[in-house]
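For the record, in the sequence shown the residue sitting at position 26 is 19 according to the numbering used here, with numbers rising by one throughout. Quick reminder that beta carbons are idealized off the backbone N, C-alpha and C, glycines included. Quick caveat: nothing in here was measured; it's all calculated off a predicted structure. Here is the structure we will look at, set down as structure tokens.
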Amino acid sequence: MEALSLPAALALVAGGGTGLSPERRAALSASLPLLQRDYRFERVWFWGCIQGVRGAYYIAEGLGPDRAAARSRLYSLNCLDWSLLTPATKEMLALAEQLQGRFQGDPSFEYDLAEVNAEAATRMLEDGKEPVMKEEARLIATIEQIDKAVGIVPRGAFVKTPLGSVHENRHFEGLSLADAKKLSSYFHFTKPVNLKNKTLLEKADLDPSIDFLDSLEHDIPRGSWSIQLEKGGTVVVLRSLLWLGLTFYHVPMTKQFGYVYFGSGEKNLDLPFML
């Protein structure tokens, strides 16, 4: 969610029972504008918070001119001092998927991979690497997984130019209330996977400038999203059941939308058996 509209946005997603203390909100209001200035980001988004056993990681994302390009991610333990995270690698993502259990809240904590995957640990030893994974690397991979799986935007909020870059749509005035209640009106804000599998007949109904992303209606497993009207029917709230803690909000007929994550950073692997 946008750093500039953080207090109002947090109030709109508070129906799930999660949020930030007044002290944390004040600290973010002071530190995020400085973060944008120092790193020369065009926009800063407050991504959310991953709660560990002994502490929490507060995450922010910095965006450049191309909104679909790789984002810079930073974390803080106190909402004031921020550290830049390195981009996620395939190796990080593969190892992080095998780790289970809560985060500790200590970036220097090391997970022993020999206890999780003996084969991977052996390969790392053969390559001259120590078979451990730091919690900071797991944090990087988890943020990437959540963004790819459940980071969403309303249809029409972003446009793709003929040159391939993605920008905010200045003419976007929000979804109508009828459209806002449909999963097909929301897109995954990541590289599309299912779009190329559509038939020519299906593609004929799409507008290439705004329908360049995958919609939520075909997400697997079916039923992995909860969609509700809150605040007297004035706000549409989507919650992910796959990554519990991810909440998206949109105020119909306005430009107000965003998502935030407040959770333990663990994927709900039991979801197919719960539906």
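Note down the Cα distance separating residue i from residue j, rounded to an integer number of angstroms.
i	j	result
Gly94	Asn71	23 Å
His160	Phe151	6 Å
Tyr254	Leu13	12 Å
Pro124	Ile52	27 Å
Leu188	Phe182	13 Å
Gly45	Gly157	39 Å
Val228	Ala49	28 Å
Ala7	Asp140	20 Å
Leu118	Ser101	20 Å
Pro245	Phe205	22 Å
What are the start and end residues of the beta strand (DSSP E) that includes residue i?
i	result
Glu223	218 to 223
Glu161	159 to 161
Ser76	75 to 77
Ser65	65 to 69
Ile206	Here residue 206 is Leu; the residue named in the question, Ile, does not match the sequence. Run containing Leu206: none; DSSP gives neither H nor E here.
Asp212	First-last for Asp212: undefined, no H or E at that position.
Can you tell me whether residue i is helix, strand or coil according to DSSP?
i	result
Met85	helix
Gln44	strand
Glu129	helix
Ser257	coil
Ala62	coil
Pro0	helix
What distance in whole Å lies between the Cβ atoms of residue j and residue i, which are believed to be in contact at a cut-off of 8 Å?
i	j	result
Val109	Leu92	6 Å
Leu56	Arg66	That belief does not hold up - the Cβ atoms of Leu56 and Arg66 are roughly 11 Å apart, past 8 Å.
Ser202	Trp218	That belief does not hold up - the Cβ atoms of Ser202 and Trp218 are roughly 25 Å apart, past 8 Å.
Leu168	Pro147	5 Å
Could you check where the alpha helix (DSSP H) with residue i kicks off and where it finishes?
i	result
Ser312	Residue coverage of the chain in this structure runs from -6 to 268, which leaves residue 312 outside it and unanswerable.
Leu264	264 to 267
*Pair every Cβ in the segment 54 to 61 with every Cβ in the segment 22 to 35, then say whether three or more of these pairs are closer than 8 Å.*
yes
*Does the segment 239 to 256 come within contact of the segment -2 to 17, defined as at least 3 CB pairs closer than 8 Å?*
yes
_Any 3 or more C-beta pairs closer than 8 Å across the segment 73 to 90 and the segment 132 to 146_ = yes
*At a cut of 8 Å, does the segment 172 to 181 reach the segment 195 to 215 through at least three beta carbon pairs?*
yes
*How do the segment 196 to 207 and the segment 217 to 227 stand: do at least 3 beta-carbon pairs fall below 8 Å, yes or no?*
no
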